[in-house]
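In this text, residue positions in the sequence shown follow the UniProt record's numbering: the first is 1, and each later residue adds one. For glycine and all other residues, C-beta sits at the position ideal for the given N, C-alpha and C.
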Amino acid sequence: MNAISIKNDYDPAVLTALRQDLAAAFRICHRFGWSESVGNHFSAAVSPSGRQFLLNPRWQHFATIKASDLLLLEADDADVMNGPNAPDPSAWTVHGTLHRMLPEARVILHCHSPYAVALACLKDPTMPPLDNNTARFFGRIGYDLDFGGIADAEEEGVRLAQMIKGKSVLVMGNHGVSIAGPTVADAFEDLYFFEKAAQTVILTLSTGKPLAVLSDEVAAATAAGWIPYQGMAARHFDYLKSELDKTDPSYKD
């Protein structure tokens with residue numbers, strides 16, 4: 001249910017589909033082992049300005065989130081944290097600021113998936129282009145290495161927005177990863193491939209042998225080669241939702 005009442009002219013069918021996709025993303029994330037207790041946050045912009053957005057409720061486990069549970073928030077609402085259904089302070093600080101400053105970031109997924117966190121904890125967390133999956137993100141990653149604990153100040157949200165602007169992935173040093181995408185399916189696909197890419201880096205580093213890093217030219221060409229495959233995201237996400245539908249379609253409620 002909504003934390004506040006927002007007057008809008010949104011197409012009900014479009015909003016319902018967005019709610020269901022975002023709820024599905026939480027459930028799938030948990031199935032992949034990327035959830036963490038009742039923390040972490042996914043959000044999706046509803047308005048063209050990004051200022052109205054959906055966000056998961058405070059401390060609700062990913063495995064239980066339904067479409068109707070998602071909060072519909074207004075990024076400019078100064079009283080949002082005073083309501084009975086106030087979101088998690090960190091989520092509000094980060095996602096509220098990102099959606100307000102970056103209207104093009106329609107969907108923002110933040111989680112602590114194991115290999116992405118391992119990469120983020122390296123002194124140099126730069127992802128080297130080693131194969132198709134790592135090169136997929138060549139030139140698309142921002143890096144924030146100023147971890148200062150749990151984000152609960154607006155200036156931290158502003159800094160993160162500046163770091164991810166023009167990118168689709170933000171590696172948050174000593175923390176985790178945030179993904180920005182045009183749709184839930186696209187953002188989730190990048191989260192999926194980023195975790196696989198981070199796994200490749202960590203496993204390769206674990207050998208202790210020199211890395212066979214691709215040249216910038218080859219890495220850029222590989223990243224560009226992924227563009228015609230963008231339709232994969234919707235097909236993959238549809239399949240993942242179909243698996244949810246077989247066992248627990250309650251995410252749609």
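* Within the segment 152-236, ranges of the alpha helix (DSSP H) (whole runs, at least 4 residues) -> 154-164, 184-206 and 216-225
* Asked: Could one say the Cβ of Val80 lies closer than 7 angstroms to chain B's Cβ atoms, at least one of them?
  -> In the structure shown, chain B does not exist; there is a single protein chain.
* Asked: Do Ala45 and Phe53 have their C-beta atoms closer together than 7 angstroms?
  -> yes
* Find out if the Cβ-Cβ distance for the pair Ala105, Leu98 is shorter than 7 angstroms. => yes
* Based on Cα-Cα distance, which residue from Thr200, Ala221 and Ala233 lies nearest to Leu211? -> Thr200
* Using the beta-carbon count (16 or more within 10 Å), is Ala116 buried or exposed? -> buried
* To do: Check Ile108 in the structure and name its three-state DSSP category.
  => Of the three classes helix, strand and coil, the one that applies to Ile108 here is strand, per DSSP.
* Between the segment 159-178 and the segment 207-226, do at least 3 Cβ pairs fall closer than 8 angstroms? -> no
* Spatial neighbours of Arg19 in its chain, beta-carbon cut-off 8 angstroms, leaving aside the 5 residues before and after -> Leu54, Ala67, Ser68 and Leu70
* Cα-Cα, which of Gly96, Pro125, Lys196 and Met101 is closest to Asn56? -> Selection Gly96, Pro125, Lys196 and Met101 evaluated against Asn56 yields Gly96 as nearest (Cα-Cα).
* To do: Might you give, ordered along the chain, the residues of its own chain that have their beta carbon closer than 8 angstroms to the beta carbon of Leu102, omitting 5 neighbours on each side?
  => Gly50, Ala161, Ile164, Lys165 and Ala180
* To do: For Arg235, count neighbouring Cβ atoms within 10 angstroms of its own Cβ and tell me buried if that reaches 16, exposed if not.
  => So Arg235 ends up on the exposed side.
* Considering only residues of the same chain and omitting the five flanking positions on each side of Glu195, which have a CB-CB separation below 6 angstroms? -> Ser113, Tyr115 and Ala116
* With DSSP as the reference, label Ser49 as helix, strand or coil. => DSSP places Ser49 in coil when its eight states are reduced to three.
* Return the bridge partner residues of Asp144 from the DSSP annotation. => Met172
* Under 8 angstroms Cβ to Cβ from Arg27, same chain only, skipping five residues before and after it: list those, please. => Answer for Arg27: Phe62, Ala63, Ile65, Leu244, Asp248 and Tyr251, listed in chain order.
* **Inter-residue spacing [alpha-carbon to alpha-carbon] between Ile6 and Pro128** => Unreliable placement is indicated for Ile6, whose pLDDT of 47 sits below 50; the coordinate value is still reported in the next sentence. Going by the C-alpha atoms only, they are around 44 angstroms apart.
* Asked: How is the beta strand (DSSP E) around Leu73 delimited, first residue to last?
  -> If you look at Leu73, you'll find it in the beta strand (DSSP E) that goes Leu71 to Glu74.
* Residue range of the alpha helix (DSSP H) that includes Val117 -> Pro114 to Ala120
* How would you write the range of the alpha helix (DSSP H) that Arg136 sits in, first residue to last? -> Note, Arg136: premise wrong, no alpha helix (DSSP H); not H, not E.
* Asked: Along the chain, where does the alpha helix (DSSP H) that runs through Gln20 open and close?
  -> From DSSP, the alpha helix (DSSP H) with Gln20 extends over Pro12 to Arg31.
* Asked: CA-CA distance, Ala185 and Gly176?
  -> 20 angstroms
* To do: Report the option in Asp216, Thr183 and Val171 whose CA atom is closest to the CA atom of Ala198.
  => Val171
* **DSSP beta-bridge partners of His41** => His110
* Are the CB atoms of Phe193 and Arg136 nearer to each other than 7 angstroms? -> yes
* Asked: When DSSP labels each residue in this structure, what does Leu102 get in the three-state scheme?
  -> In the three-state reduction of the DSSP assignment, Leu102 falls in the coil class.
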